[in-house]
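*Asks:*
There are 4 protein chains.
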Amino acid sequence: MGIHLSDNGYSCVTLRTGRYARKVASTPAFRRLPRAVREQQMLDAAVRIFSRHGYHGASMDEIAEKAGISKPMVYAYLGSKEELFVACLHREGTRMMEAIAQAAVPDLPADERLWRGLRAFFGFVGAHRDGWAVLYRQARGEPPVAGEVAAMRARMVEVVAGMLDHALRAEGREVAETELEVVAYALVGATESLADWLADHPEADPETTATRMMNAAWLGAAQLLRGTTWHPPAT
Amino acid sequence: MGIHLSDNGYSCVTLRTGRYARKVASTPAFRRLPRAVREQQMLDAAVRIFSRHGYHGASMDEIAEKAGISKPMVYAYLGSKEELFVACLHREGTRMMEAIAQAAVPDLPADERLWRGLRAFFGFVGAHRDGWAVLYRQARGEPPVAGEVAAMRARMVEVVAGMLDHALRAEGREVAETELEVVAYALVGATESLADWLADHPEADPETTATRMMNAAWLGAAQLLRGTTWHPPAT
Amino acid sequence: MGIHLSDNGYSCVTLRTGRYARKVASTPAFRRLPRAVREQQMLDAAVRIFSRHGYHGASMDEIAEKAGISKPMVYAYLGSKEELFVACLHREGTRMMEAIAQAAVPDLPADERLWRGLRAFFGFVGAHRDGWAVLYRQARGEPPVAGEVAAMRARMVEVVAGMLDHALRAEGREVAETELEVVAYALVGATESLADWLADHPEADPETTATRMMNAAWLGAAQLLRGTTWHPPAT
Amino acid sequence: MGIHLSDNGYSCVTLRTGRYARKVASTPAFRRLPRAVREQQMLDAAVRIFSRHGYHGASMDEIAEKAGISKPMVYAYLGSKEELFVACLHREGTRMMEAIAQAAVPDLPADERLWRGLRAFFGFVGAHRDGWAVLYRQARGEPPVAGEVAAMRARMVEVVAGMLDHALRAEGREVAETELEVVAYALVGATESLADWLADHPEADPETTATRMMNAAWLGAAQLLRGTTWHPPAT
DNA sequence: CATGAATGAGTCTTCATTCAT
DNA sequence: AATGAATGAAGACTCATTCAT
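Protein chains in written order, with numbering that gives the first Met the number 0: chain A, 0 to 234; chain B, 0 to 234; chain C, 0 to 234; chain D, 0 to 234.
1) May I ask you to verify whether the region 88-101 of chain C touches the region 134-153 of chain C, counting CB pairs closer than 8 Å and requiring at least 3?
2) Does the region 106-115 of chain B come close enough to the region 160-174 of chain B that 3 or more CB-CB pairs lie under 8 Å?
3) Can you give the beta carbon distance from residue 246 (chain C) to residue 35 (chain C), rounded, assuming they're within the 8 Å contact cut?
4) Quick one, which of C:49, C:52 and C:76 has its alpha-carbon nearest residue 32 (chain C)'s?
5) Could you spell out the range, first to last residue, of the alpha helix (DSSP H) harbouring residue 62 (chain B)?
6) Just to confirm, are residue 235 (chain A) and residue 118 (chain A) a CB contact at a threshold of 8 Å?
7) Would you list, in chain order, the members of the region 179-194 of chain D that have their beta-carbon closer than 8 Å to a beta-carbon of chain C?
8) What would DSSP say about residue 0 (chain D), mapped onto helix, strand or coil?
9) Could you check where the alpha helix (DSSP H) with residue 96 (chain B) kicks off and where it finishes?
10) According to DSSP, is residue 114 (chain C) helix, strand or coil?
11) Do we get a CB-CB distance below 8 Å when we pair residue 48 (chain A) with the residues of chain B?
12) Drop a sphere of 10 angstroms on the beta-carbon of residue 40 (chain A), count the other beta-carbons inside from all chains shown, and report buried for 16 or more, exposed for fewer.
13) Rounded C-beta distance between residue 192 (chain C) and residue 158 (chain D)? I'm assuming under 8 Å.
14) Which residues in chain A sit within 8 Å of residue 131 (chain B), going by Cβ to Cβ distance?
15) So, helix, strand or coil for residue 106 (chain C), using DSSP?
16) At a cut of 8 Å, does the region 174-181 of chain C reach the region 190-204 of chain C through at least three beta carbon pairs?
17) With DSSP collapsed to three states, give me the class of residue 198 (chain B).
18) Step through the CB atoms of chain B and report whether any lies within less than 8 Å of the CB of residue 154 (chain A).
19) Along the chain, where does the alpha helix (DSSP H) that runs through residue 32 (chain D) open and close?
20) When the Cα of residue 81 (chain C) is compared with those of C:113, C:93, C:67 and C:46, which residue comes out closest?
21) Tell me which same chain residues have a C-beta within less than 6 Å of the C-beta of residue 73 (chain D), skipping the five on either side of it?
22) Name, going along the chain, the residues of the region 97-114 of chain A whose beta-carbon falls closer than 8 Å to a beta-carbon of chain B.
23) Quick one: is residue 53 (chain B) near chain A, going by C-beta distance under 8 Å?
24) For residue 215 (chain B) and residue 59 (chain A), what's the separation of their Cα atoms in angstroms?
25) Under 6 Å Cβ to Cβ from residue 57 (chain B), same chain only, skipping five residues before and after it: list those, please.
26) Please say whether residue 122 (chain B) and residue 205 (chain B) have beta carbons closer to each other than 8 Å?
27) Tell me the rounded alpha-carbon separation between residue 55 (chain C) and residue 128 (chain A).
28) Distance, Cα to Cα, residue 168 (chain C) vs residue 228 (chain C)?
29) Leaving out five residues before and five after residue 242 (chain B) in sequence, what residues of the same chain have Cβ atoms less than 7 Å from its Cβ?
30) Output yes if chain B places a C-beta closer than 8 Å to the C-beta of residue 128 (chain A); else output no.
31) Taking residue 95 (chain B) as the query, report the chain A residues whose CB atoms sit under 8 Å from its CB, ordered along the chain.
32) Does the beta carbon of residue 233 (chain C) sit closer than 8 Å to a beta carbon anywhere in chain D?
33) Would residue 91 (chain B) pass as an interface residue toward chain A - the criterion being a Cβ-Cβ separation below 8 Å?
34) So residue 242 (chain C) contacts chain D; which residues on that side make the cut at Cβ distance below 7 Å?
35) So the alpha helix (DSSP H) residue 172 (chain C) belongs to, where does it begin and stop?
36) Assign residue 38 (chain D) to one of two classes, buried (16 or more other C-beta atoms within 10 Å of its C-beta) or exposed (fewer than that).
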């Protein structure tokens, strides 16, 4: 029960009695907005809520309230909780991918390219801690949406594997595809792990984190490029 | 409607209409078992169910049924859903830690030690795909239990950082603690990522995966140990 | 997501996410049509939908979509779901009554008249399976509209009773009104039952069904007309 | 809001605020009852509510309240709204079938047997107006349960067809199966129609109604048995 | 005339949890 | 020690209906 300043900037006094909010004397507020705008508002709210409470923990009621509209509109526009989540995932994922792609242009030397990609990635995570944490961390194991997350992850792995492959070929070397995939997996995992660390340490600097990641992983990859490998000792 | 042989080995004909099974002609079964045994049965069931449906997706009903006892017993023994989950986490986590600790004894050369640790780790994941997947993957983002998972992860990071530190000191070098932590984070992340990959590829061989991990990450760490570092290019 | 050719013949590409279709590049279409035409389109759609999903199961959304107009128009023209249903009922009922009345003209011998009425009735049901099934079968027990259905049924009973009475009087006999009503009820029930059967057996021939109905019921009525009656045995 | 004497005979003061009833100072009332008893109470309540509001119109809330227990128990025992309805249908249908079977024993002359069956049927409908009206009338067209109703109806048709067949064979005559089925359909329809009439006329006497049904339908069937048939006039 | 945007109220259903036996 | 019976609370989703444009 109380006064609540809705996130769309319009004020509205809400009286909570039981489960339903009853609007009392609403300001001209809840103006009719075009679909495109409302959808973005919904996605904004959803990303926030999902990131805080996880997929299951988030309730459509809460999301709708945060978005400043009624539940049926969310369903009307986004379909279902699952679809809503996927929509969030796509929006955030696309934004991130674009940020990376813009930075890591193909015609750079391999290490420079990776470095720029990493910097863009950590920059994105630093700027959208919510988006990243919510969507990649929360959703990894949620059966209903795990598939989507996995797909997005697979795209990243593929991109990274592509980078490595490109670099290797440039040096006249070649590595089996599986091998590459696994290395890429490890790199992506390491990177995500640092991204988690970054998301949990608001005081940390994305740039520095990117540098660290380069140090921790790239050097290994560099070895790999050079053909150095490690073999298990004879048992 | 059908005959269902409960997992504890005692038979019981059930007539399913609605949620509650109607027990028809149950054997004198459900013998009173000592607490320790019952608890393990419950944890076994819980790990299975949690791993399949995630923390939220799993229902206490299902777990109790799978364990072959009634819900109140679960509550009597384990307290609550959250506590039950934490208990699972601890049991599996401890088992894993022990497996690793037994393999990666401190008085080995650094690379051999890491190698043995990794082999033990991937061996464990390969053998307990359920346990690992359910507990580490599913629970990462579930707010109610994320803390516990994070704690366990932190322990692993610490162990890895310890290994690195030990190796560095042996070479007379020293690295800032934060630096170490971050590298350890990356290594753990990469390793988990490969573990995920392993859990999803039943045909894959844990040993090989461990070798790959060594290749992908250790070489980088080796460089680090040698003092080689990478610096961002001047912009 | 797909291209959907709306039933009114105007094309419109729709992107479905959630409940509301997103209109993309709709033709200038949805031309302003005179009220009478629009109303018939609505009723056509409504009859179809009602007949498929029942009164409750049908949603105004669906009906509006099928009719190719927006919900507010449906409300503007027909008032409310109940009124819409009643309008359907009246239209279909009237059509049927007219078909029967045209066939079963009063100045025929009783059996010929009944035969023609039946033939017209089954012909109608055969041709408008939807209309009949939806309106008479679906709505019998739906409290909000049961009254309307009952009224229409009563009119039919009355008509049949009238036929019988006419026939009896022609033979100089007379039967209490209640008696007549009950017999008429039975005849109507039997007829509807066969109509149901017909609606469920698309391969069946209306004419043959009508003949069967004559055989099954009229012979009994004929006896009645002749004064033969059956009495319960003394117990 | 008010004092409500629950149907199980135990008193309980209920305060309705919003959708949920809040129990205030309940008497030792809501005693734990064995499943069998509770299930019957639920079915009793469900039959009443379904008969008054129809399948869709009835709400599980209302049914649970009427039964004097909480909704989750209804779900625990009966599964879902649909299953609950089907359970009602089966209980009432079985009762009716048994009443009829007990009366219309096979080794009676055909007319006597039919008469007894009809008398039992109308007696049942007269005594269980609710059960009959709700279940047969309401549910005919409700898509989710129409199948069940149709099945029960089919059983009745089969029984009637069996009676007719038996009678015909006794007279050394034989009729195609389809023919029989259709006649049986008509008889069942006529009977149901009168049952409806009876359910709507509380002052009417079941015995008399049964007699009327015999008169209206049996005479026709008798003709049929005698081999008299009606043919459409040449057009 | 015509509609996209919006919602209050209610639906069925499920779940973690606890008595009373 | 063990369980069948019971429930408060909440969750996702839908629908008939109406403004404002």
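Idealized CB from N, CA, C, for every residue including glycine. All values derive from a computational prediction rather than experimental measurement.
*Replies:* Reading it off the structure:
1) yes
2) yes
3) It is not possible to answer for residue 246 (chain C), since the shown part of chain C is limited to 0 through 234.
4) C:76
5) 59-66
6) In this structure chain A extends from 0 to 234, so residue 235 (chain A) is not present and cannot be described.
7) 181, 182, 184, 185, 186, 187, 188, 189, 190, 191, 192 and 193
8) Caution applies to residue 0 (chain D), whose pLDDT of 37 falls short of 50 and renders its modelled position unreliable; the value that the coordinates give is listed next. Note: residue 0 (chain D) maps to coil in three-state DSSP.
9) 80-102
10) helix
11) no
12) buried
13) Not confirmed; about 15 Å, so no contact.
14) The premise fails here: residue 131 (chain B) is roughly 11 Å from chain A at the closest Cβ pair, so nothing lies under 8 Å.
15) coil
16) no
17) helix
18) no
19) Element bounds for residue 32 (chain D): n/a, residue is neither H nor E.
20) C:46
21) 41 and 63
22) 110, 111 and 114
23) yes
24) 43 Å
25) 48 and 49
26) yes
27) 47 Å
28) 17 Å
29) Examination of residue 242 (chain B) is not possible in this model, given that chain B is present from 0 through 234 alone.
30) no
31) None at all; the shortest Cβ gap to chain A is about 17 Å.
32) no
33) no
34) Residue 242 (chain C) cannot be examined here, being either before or after the span of chain C that is shown, 0 to 234.
35) Counting along the chain, residue 172 (chain C) falls outside any alpha helix (DSSP H), and DSSP gives it neither H nor E.
36) buried
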